[in-house]
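S.K.: After the structure tokens below, expect a handful of questions from me.
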Amino acid sequence: MAQTLGDALTDLSRPRINRSPSPLLALAMPWLVIALGSLSPYWPLVASAPVVPPLGFMALIAWQQARPGLLPVWAGLPLGLFDDLFSGQPMGSALLLWSLAMIALDTIELRTPWRNFLSTWAVAMAMIAAYLVLTLLIASHGTARTLPTVLVPQLVLSVLLYPLVARLVAAADRLRLVQLRQI
Amino acid sequence: MAPPSNRRPGYSRKAQFGTFFGYLAAAVGVLAGGGLLIASASNSDSFSSLRGAAGDAAAPAGEVSAKVRSTGDGFAATLAGYFTRGSRVSRLEREVAEARVRDAEARALKDENARLKALIGLAGTEPKPVIVTRLIGSTSSSSRRFALLGAGSDQGVAVGMPVRSPLGLVGRVLEVGRNSARVLLITDSESMVPVRRASDGIEAFATGQGNGTLQLRLINSGVNPLRKGDAFVTSGQGGLFRPGTAVAVVENLTRDGAIARPLSDPGATDFVAVYPLWDEALKGAELKPEPGARPAGAR
Chain A
24 MAQTLGDALT DLSRPRINRS PSPLLALAMP WLVIALGSLS PYWPLVASAP VVPPLGFMAL
84 IAWQQARPGL LPVWAGLPLG LFDDLFSGQP MGSALLLWSL AMIALDTIEL RTPWRNFLST
144 WAVAMAMIAA YLVLTLLIAS HGTARTLPTV LVPQLVLSVL LYPLVARLVA AADRLRLVQL
204 RQI
Chain U
258 MAPPSNRRPG YSRKAQFGTF FGYLAAAVGV LAGGGLLIAS ASNSDSFSSL RGAAGDAAAP
318 AGEVSAKVRS TGDGFAATLA GYFTRGSRVS RLEREVAEAR VRDAEARALK DENARLKALI
378 GLAGTEPKPV IVTRLIGSTS SSSRRFALLG AGSDQGVAVG MPVRSPLGLV GRVLEVGRNS
438 ARVLLITDSE SMVPVRRASD GIEAFATGQG NGTLQLRLIN SGVNPLRKGD AFVTSGQGGL
498 FRPGTAVAVV ENLTRDGAIA RPLSDPGATD FVAVYPLWDE ALKGAELKPE PGARPAGAR
């Protein structure tokens with residue numbers, strides 16, 4: 024009986040009579056995944072050019088699109104602060120942009136309750152592009168000292184990787200609801 | 258679709274207030290972010306202790322991943338080596354033959370140098386590194402280029418110290434935690450290193466471009482004397498970097514200088530050495546360069 028990891032997770036998270044998800048895991052999972060993405064500077068990769076996608080931010084968007092309302096609308100405040108500690112951006116950059124992104128995603132969610140793969144991807148693409156341009160502006164204090172062409176490889180990579188991040192977040196979401204607690 | 262005009266979650270006062278305070282907290286986040294940005298723009302050191310503490314907390318994880326990185330690099334290089342072995346062996350043999358000649362010449366020069374130095378009574382000024390340690394990470398998605406170092410003030414690392422790998426200059430220490438430090442890489446857009454051409458000493462400034470290359474700006478403008486392949490070393494101007502540390506090789510010429518590629522790729526670097534401040538090593542602690550006078554520029 025061939026089973027993929029996803030199938031196994033789905034099986035484990037299916038409601039059963041004497042079981043329920045662990046409340047701690049169910050609540051903490053999105054925060055943990057996003058914080059792990061923010062820690063990407065400590066991943067085994069030292070780069071001399073900015074090429075790694077903003078994984079924390081992408082995970083934030085993916086969680087918000089997969090489970091709107093699971094993260095509170097103020098989640099950008101603590102998570103952005105955490106990201107600022109490690110990202111190398113001036114302090115407050117992610118705090119500002121992630122809070123704005125949460126409000127923007129909430130508004131988009133209210134206006135367009137229907138969705139499909141392409142529309143969520145397009146929304147994520149627009150958010151990531153705006154985020155990267157704004158972080159560049161903030162990092163160079165509004166001067167054009169760093170050429171904007173620096174962003175092109177990172178932007179392309181981020182946009183192409185977003186569906187993968189969304190899949191990983193979906194897997195984490197199923198892991199979140201694994202029926203661990205015995206009633 | 259127009260958003261629903263009524264966002265009340267029901268008749269529960271608690272739920273209504275919850276929604277309201279959620280949005281309020283989000284707006285506070287935006288305002289706090291803007292405030293912090295203005296504060297950190299006016300004084301870049303204001304949050305260094307906070308970042309230092311966070312860096313210390315995450316440093317053990319970085320140590321582990323640095324080990325993983327060096328193993329992974331080695332594995333990939335070994336694998337790639339099998340495919341290009343023949344051509345590389347012949348090239349390496351030729352290079353070794355050339356290098357033997359150069360080595361002999363260099364040894365002669367070294368002897369002569371030592372003799373001349375002894376003649377004018379100059380002691381050996383090669384300083385010992387403060388510590389040799391790993392680069393445990395780097396900012397990966399931000400356009401600012403920082404690396405994280407696995408040693409801090411407890412190991413004697415201080416702000417401003419140059420960091421170099423066996424291949425050349427990596428950057429200088431910008432912020433120090435107890436056992437981790439933040440290094441401004443020479444490729445960062447706010448890093449500026451005074452350099453000179455190794456062959457004849459034409460002076461220039463090497464400014465990072467944020468994309469892994471350096472821009473060389475000549476101090477004397479005029480006809481551009483640079484050629485592809487010219488090597489640049491630190492000039493020691495400004496007292497931050499010891500003269501003679503390899504920095505970069507010219508890759509493309511521009512109108513008033515050149516674009517150069519740094520010799521030490523921080524991604525391929527396993528261990529780096531932190532050196533004491535050049536000026537301090539030369540003249541003693543009382544002649545520490547003032548922060549405002551540093552050519553490498555405050556952030």
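Those sequence lines, one after another, are chains A and U. Each residue of the first sequence is one higher than the one before, counting from 24 in the working numbering. Each residue of the second sequence is one higher than the one before, counting from 258 in the working numbering. All C-beta atoms, glycine included, are put in the ideal place defined by N, C-alpha and C.
1) Mind pulling the chain A residues with CB within less than 7 Å of ASN509/U?
2) Is the beta carbon of GLN112/A closer than 8 Å to that of SER492/U?
3) State yes or no: is the beta carbon of THR143/A nearer than 8 Å to at least one beta carbon in chain U?
4) Would you check if the distance between the CB atom of ALA461/U and the CB atom of ILE476/U is smaller than 8 Å?
5) Between the C-alpha atoms of TYR65/A and ILE377/U, what's the straight-line distance to the nearest angstrom?
6) Which partner residues does MET449/U have in the DSSP bridge list?
7) Under the rule that 16 or more other beta-carbon atoms within 10 Å means buried, what is GLY394/U, buried or exposed?
8) Who are the near neighbours of ARG204/A in its chain, counting only those whose CB is closer than 6 Å to its CB and skipping five residues on each side?
9) Write down the C-beta distance between VAL440/U and VAL452/U rounded to the nearest angstrom, noting that I regard them as a contact closer than 8 Å.
10) Can you check whether the C-beta of TYR185/A is within less than 8 Å of a C-beta belonging to chain U?
11) So is ILE161/A in contact with chain U if we call contact Cβ pairs under 8 Å?
12) Am I right that TRP86/A and LEU102/A are in contact with their C-beta atoms under 8 Å? What's the rounded C-beta distance?
13) Closer than 7 Å by beta-carbon distance: list the chain U residues that pair up with LEU123/A, in chain order.
14) Does DSSP classify GLY115/A as helix, strand or coil?
15) For GLY417/U, collect the residues of the same chain with a Cβ closer than 7 Å to its Cβ; drop the 5 residues on either side in sequence, then sort them by chain order.
16) At the level of alpha carbons, what is the spacing between LEU544/U and GLN494/U?
17) Would you mind sorting ASN436/U into buried or exposed? The rule is 16 or more other CB atoms within 10 Å of its CB.
18) Pull up the DSSP beta-bridge partners for GLY275/U, would you.
19) Looking at C-alpha atoms only, which residue of GLY79/A, SER63/A, THR143/A, ASN41/A is the closest neighbour of PRO53/A?
20) Would you report the Cα separation of PRO186/A and ALA361/U, rounded to the nearest angstrom?
21) Extract the residue ranges of the beta strand (DSSP E) inside the stretch 407-451 of chain U, only unbroken runs of 3 or more that lie entirely within it.
22) Would you call GLY549/U buried or exposed, if buried means 16 or more other Cβ atoms sit within 10 Å of its Cβ?
23) What residues are listed by DSSP as bridge partners for ILE388/U?
24) At the 8 Å Cβ level, is ILE57/A part of the contact set with chain U, yes or no?
25) Are the C-beta of TYR268/U and some C-beta of chain A separated by less than 8 Å?
26) Mind checking which residues open and close the beta strand (DSSP E) that includes THR27/A?
27) Could you work out which residues of chain A lie near THR242/U, taking near to mean beta carbons separated by less than 7 Å?
28) Taking GLY343/U as part of the alpha helix (DSSP H), name the residues at either end of that continuous run.
29) Residues of the stretch 454-485 of chain U in Cβ contact with chain D at a cutoff of 8 Å, in chain order, please.
30) Could you check what DSSP says for GLY290/U in three-state terms: helix, strand or coil?
31) With a threshold of 8 Å between beta-carbons, can PRO76/A be considered close to chain U, or not?
32) Please determine if the stretch 88-107 of chain A and the stretch 283-297 of chain U are in contact, where contact requires at least 3 C-beta pairs separated by less than 8 Å.
33) Using 8 Å for Cβ pairs, my map puts GLY312/U next to LEU405/U. What's the rounded Cβ distance?
34) For GLY394/U, write down the residues that DSSP places opposite it in a beta bridge.
35) Quick one: residues in its chain with C-beta nearer than 6 Å to the C-beta of LEU200/A, no 5 flanking neighbours on either side, listed in chain order?
36) So LEU405/U contacts chain A; which residues on that side make the cut at Cβ distance below 8 Å?
M.R.: Answer, in terms of the structure:
1) Neighbours of ASN509/U on chain A: none; closest Cβ ~14 Å, over 7 Å.
2) no
3) Not a single CB atom of chain U sits nearer than 8 Å to the CB of THR143/A.
4) yes
5) 49 Å
6) THR464/U
7) buried
8) SER43, SER45
9) The pair is not a contact, with the Cβ atoms about 18 Å apart (cut-off 8 Å).
10) no
11) yes
12) TRP86/A to LEU102/A, Cβ: 10 Å. No contact.
13) What LEU123/A touches in chain U: VAL287.
14) coil
15) ARG429, VAL430, LEU497, LEU534
16) Any reading at LEU544/U needs caution, since the residue's pLDDT is 41, under 50, leaving its predicted position unreliable; the model's value is listed next. Taking the straight line joining both Cα atoms gives about 14 Å.
17) buried
18) Answer by DSSP bridge pairing: none, since GLY275/U is not bridged.
19) GLY79/A
20) 58 Å
21) Counting only runs of 3+ residues, the beta strand (DSSP E) found wholly inside the stretch 407-451 of chain U occupies 419-422, 425-433, 438-442, in chain order.
22) Low per-residue confidence applies at GLY549/U: pLDDT is 44, beneath 50, and the placement is therefore not dependable, though the value from the model is reported in the following sentence. Of the other Cβ atoms in all chains shown, fewer than 16 fall within 10 Å of the Cβ of GLY549/U; this residue is therefore exposed.
23) VAL531/U
24) no
25) no
26) Where THR27/A is concerned, there is no enclosing beta strand (DSSP E), given that its DSSP letter is neither H nor E.
27) Beyond the ends of chain U as shown, which are 258 and 556, falls residue 242/U; an answer cannot be given.
28) 342-377
29) No chain D is part of this structure, whose protein chains are labelled A and U.
30) helix
31) yes
32) yes
33) 6 Å
34) LEU405/U
35) SER36, PRO44
36) Chain A residues near LEU405/U: PRO64, TYR65.
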